[in-house]
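Heads up, the sequence shown is in our numbering, so the first residue is 443 and it goes up one at a time.
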Amino acid sequence: MKSQQTVRHCRTVSFFIQETIVNEPASPLFEVLSGCYSGLTGKAGSGPCLIGSSLDADLVFIEQGLEPHHLRVSWHVSSIEIEALAANVAIEGRDPISLNEPVVVPLPAVIHMGTMSIRCSTEAPQQAGSTGRWHVPIIPLALVLISSAAVGTLSTRLVQIDSAAALSASSPAPDIAPKIALAPPDVPAAEAAAERLQGEVDAAGLLGVKIGSGPGVVTADGTITPASLAKWREIQQRFDVQSNGAYTLVSALAIKEEKAPPAIAVQAVWRGNDPYLVIAGQKYFAGALLSNGWIVKEIEDGRVLLTRNGQLAALSY
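Okay, here's the thing in structure tokens:
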């Protein structure tokens, strides 16, 4: 029972988008073969990829026995270059890799590091629905929080969460079929879970986070500040525990430094029907554009929510 509970609690997948890149060509494929998120697959970005447990790495796994900067990999057409930056890095079927000595091996290749392993290849990903996997398209250089308590992270452009058993390192991925027949996702229940999570997010003051839902999935979009990141992780962990793994929480939040709007001299606030602000003798209703480029989003008790270019800010009065 203990092992089952651990698996259920490893369901949060979070993407913190740091850079927007569109119309990218197909990227190399990777698959996590062991560890908390065994079976997770995705497309790696182009160029060298730094893997470790530090948040400044490109592919970040926490609580997987990795050093802050554990290794660096670079995909080529039919091979991969691996540079070990810490001990305990090995390629399946080969001797352990020496520190700071790049090694080039043909694809596909299985890399063992810490307590986990990753299979790297150039195989095309499965079409959506062919194996019962969720395909969640995101932007490259995202950080994905993954761990036994949904705290670890990794960078990817496409994440597929498989409900089947984890693939073994020696079994080719296309030959594995799901062995567990899952009941159809309960859409109304997911919507209710999303509403409860939105209430928690609003109560925590995370104004830029918008919660949605899909079949068996609860989503989070919008922006979050670095200072609010710890608070968001606490909410994610509570969601995993309360839902007992019934839903996958997929978050694609952009990390942005909050730039407060310049001081606005609010002369009066009307909170009755059709609330409005009075600034320099002019009335500004919800949706009005201020002279500094900010838009009045909502007028609440004690504060006004302003938005500009997707950024949300609160102005107290």
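Glycine residues also receive a C-beta, built at the ideal position from the N, C-alpha and C atoms.
Run of the beta strand (DSSP E) containing residue i, from where it starts to where it stops
i	result
Arg561	558 to 563
Leu648	Run containing Leu648: none; DSSP gives neither H nor E here.
Leu492	491 to 494
Ile522	521 to 526
Ala532	531 to 533
Gln724	724 to 727
Glu473	471 to 476
Leu497	First-last for Leu497: undefined, no H or E at that position.
Gln709	708 to 712
Leu508	No beta strand (DSSP E) contains Leu508, which DSSP labels as neither H nor E.
Proximity winner among the options, relative to residue i (alpha-carbon distances)
i	options	result
Ala528	Ile539, His512, Gly535	His512
Asn670	Leu648, Ile553, Leu731	Asn is not the amino acid found at residue 670; the sequence shown has Ser there. Answer by Cα proximity: Leu648.
Ser521	Ala631, Pro548, Asn542	Pro548
Lys485	Ser495, Leu501, Cys478, Gly494	Leu501
Gly477	Gly556, Leu492, Pro490	Gly556
Ser563	Arg680, Val519, Ala526, Gly658	Val519
Tyr689	Gly654, Asp716, Leu747	Gly654
Leu719	Leu757, Leu695, Gly735	Leu757
Leu691	Ile677, Ile697, Lys698	Ile677
Leu541	Ala551, Asn530, Gly535	Asn530
Val643	Pro657, Pro470, Lys673, Lys698	Lys673
Ile533	Ser516, Ala551, Trp517	Ala551
Ser516	Gln506, Thr483, Pro470, His554	Pro470
Ala634	Phe472, Gly656, Glu505	Gly656
Val683	Pro717, Leu639, Ile697, Tyr726	Leu639
Asn715	Ala728, Val708, Gln709, Ala722	Ala728
Asp663	Arg680, Lys698, Phe472	Lys698
Ser733	Pro717, Ile706, Leu754	Ile706
Gly723	Ala730, Leu731, Gln709, Ala499	Gln709
Gly489	Lys725, Arg514, Arg536	Arg514
Opening and closing residue of the alpha helix (DSSP H) in which residue i lies
i	result
Asp682	671 to 685
For residue i: DSSP bridge partner residues
i	result
Leu541	Ala526
Asp663	Lys652, Ala694
Arg745	Glu742, Ser758
Trp517	Ile522
Leu731	Ile737
Arg831	With the chain represented from 443 up to 759, any question about residue 831 goes unanswered, as that position is not in the structure.
Reduced DSSP secondary structure (H/G/I, E/B, other) of residue i
i	result
Ala635	helix
Val593	Legend: pLDDT at Val593 = 35, less than 50; position of this residue unreliable, value from coordinates given subsequently. In the structure shown, Val593 sits in coil (DSSP, three-state: anything other than H, G, I, E or B).
Glu461	For Glu461, the predicted structure reports a pLDDT of 39, less than 50, and the residue's modelled location is therefore unreliable. The matter cannot be settled from this model.
Pro717	coil
Gly484	strand
Gln640	helix
Pro550	coil
Phe503	coil
Anticipated Cβ contact below 8 Å, residue i with residue j, distance rounded
i	j	result
Ile560	Leu475	7 Å
Pro544	Ile524	7 Å
Val660	Ala636	5 Å
Leu695	Thr667	So it is not a contact: roughly 10 Å between Cβ atoms.
Ile737	Val711	The Cβ separation is near 17 Å, so there is no contact.
Gly744	Tyr759	7 Å
Distance cut-off 6 Å: residue i Cβ against heavy atoms of the ligand SAH
i	result
Val531	The ligand SAH is not among the ligands present in this structure, which contains no ligands whatsoever.
Cutoff 7 Å: residue i Cβ touching any chain D Cβ
i	result
Thr749	Among the protein chains of the structure shown there is no chain D, as only one such chain exists.
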